[in-house]
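Quick notes on the structure that follows.
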Amino acid sequence: MKRISLTPDLSSITELEQSLEEFAGAHELDMGLQNRLNLMLEELITNSVNYSLPSVSGPELELCLSVEDAFVVAQVEDNGPAFDPFTEAPEADTTSALTDRPVGGLGIFLTKKFSDEYTYERIGERNRVTLRCRSGKAP
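Residue numbers for the sequence shown follow this note's numbering, so the first one is 92 and each next one is one higher.
In structure tokens form, the structure reads like this:
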């Protein structure tokens, strides 16, 4: 398991990219999976930084990456107010013409589409989002 304490600001996106690249290389993940993970995790981390953590004194942001059986498991944890992005975030507008849609709002939609499993938990004073994605490798 790779556990990374991220800087609780947008510079954490660079940290994410570097950590994910190292992890993907060590576990021989294909580029497609690495890119999907990067998009999903960037969305979750950006949401934490922009919406959850500004209201917290002493913000904390953590990423855990592991391989379990044939799945890559990614967890994003923060100490912001309770918020389940899978049930509380507004639904993405996927039916209107692109020119009529508001900017943003597709990140959680894409996270749901690109992951095989996604969960939210409130553990004590922390939010934890877990994503499970098939690695394409047999266990």
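All residues carry an ideal CB built from backbone N, CA and C; glycine is no exception.
query = So, helix, strand or coil for Phe174, using DSSP?
reply = Coil.
request  = Out of Pro145, Thr137 and Glu112, point me to the one whose CA is closest to Asn126's CA.
outcome  = Across the set Pro145, Thr137 and Glu112, the C-alpha of Glu112 shows the shortest separation from the C-alpha of Asn126.
query = Hey, quick one: how far does the alpha helix (DSSP H) through Thr105 stretch, first residue to last?
reply = Counting along the chain, the alpha helix (DSSP H) containing Thr105 begins and ends at Ser103 to Ala117.
request  = Run the CB neighbour count on Ala173, radius 10 Å, all protein chains shown included, and call it buried at 16 or more, exposed below.
outcome  = Exposure of Ala173 is indicated by the presence of fewer than 16 other C-beta atoms within 10 angstroms of its C-beta.
key: Spatial distance of Leu101 from Ala117 (CA atoms)   = Approximately 25 Å, taken between the alpha carbons.
task = Please state if the CB of Val147 and the CB of Gly123 are separated by a distance shorter than 8 Å.
result = Contact flag unset, no.
key: Inter-residue Cα distance where the pair is Leu107 and Ala188   = The alpha-carbon atoms of Leu107 and Ala188 are separated by roughly 32 Å.
inquiry  = Looking only at its chain, what residues have a beta carbon closer than 8 Å to the beta carbon of Asn97, apart from the 5 residues adjacent to it on each side?
reply    = Strictly speaking, residue 97 in this sequence is Leu, with Asn absent from that position. So the list reads Ser103, Glu106, Leu107, Ile136, Leu152, Glu153 and Leu154, once near-sequence residues are dropped.
task = Alpha carbon to alpha carbon, how far is Leu130 from Ser226? Give it in angstroms, no decimals.
result = Cα to Cα, Ser226 sits roughly 16 Å from Leu130.
task = Would you tell me roughly how many angstroms separate the C-alpha atoms of Pro99 and Glu168, rounded to the nearest one?
result = Near 11 Å, if we compare the C-alpha coordinates of Glu168 and Pro99.
task = Would you tell me roughly how many angstroms separate the C-alpha atoms of Phe177 and Glu134, rounded to the nearest one?
result = If you take the alpha carbons of Phe177 and Glu134, they lie about 13 Å apart.
task = Compute the distance between the beta-carbons of Leu222 and Ala165, then report whether it is under 8 Å.
result = Ala165 sits close to Leu222, with the two beta carbons spaced by under 8 Å.
request  = Alpha carbon to alpha carbon, how far is Gln109 from Glu208? Give it in angstroms, no decimals.
outcome  = The alpha-carbon atoms of Glu208 and Gln109 are separated by roughly 24 Å.
task = Would you list the residues sitting across from Tyr211 in a DSSP beta bridge?
result = Answer by DSSP bridge pairing, in chain order: Val220.
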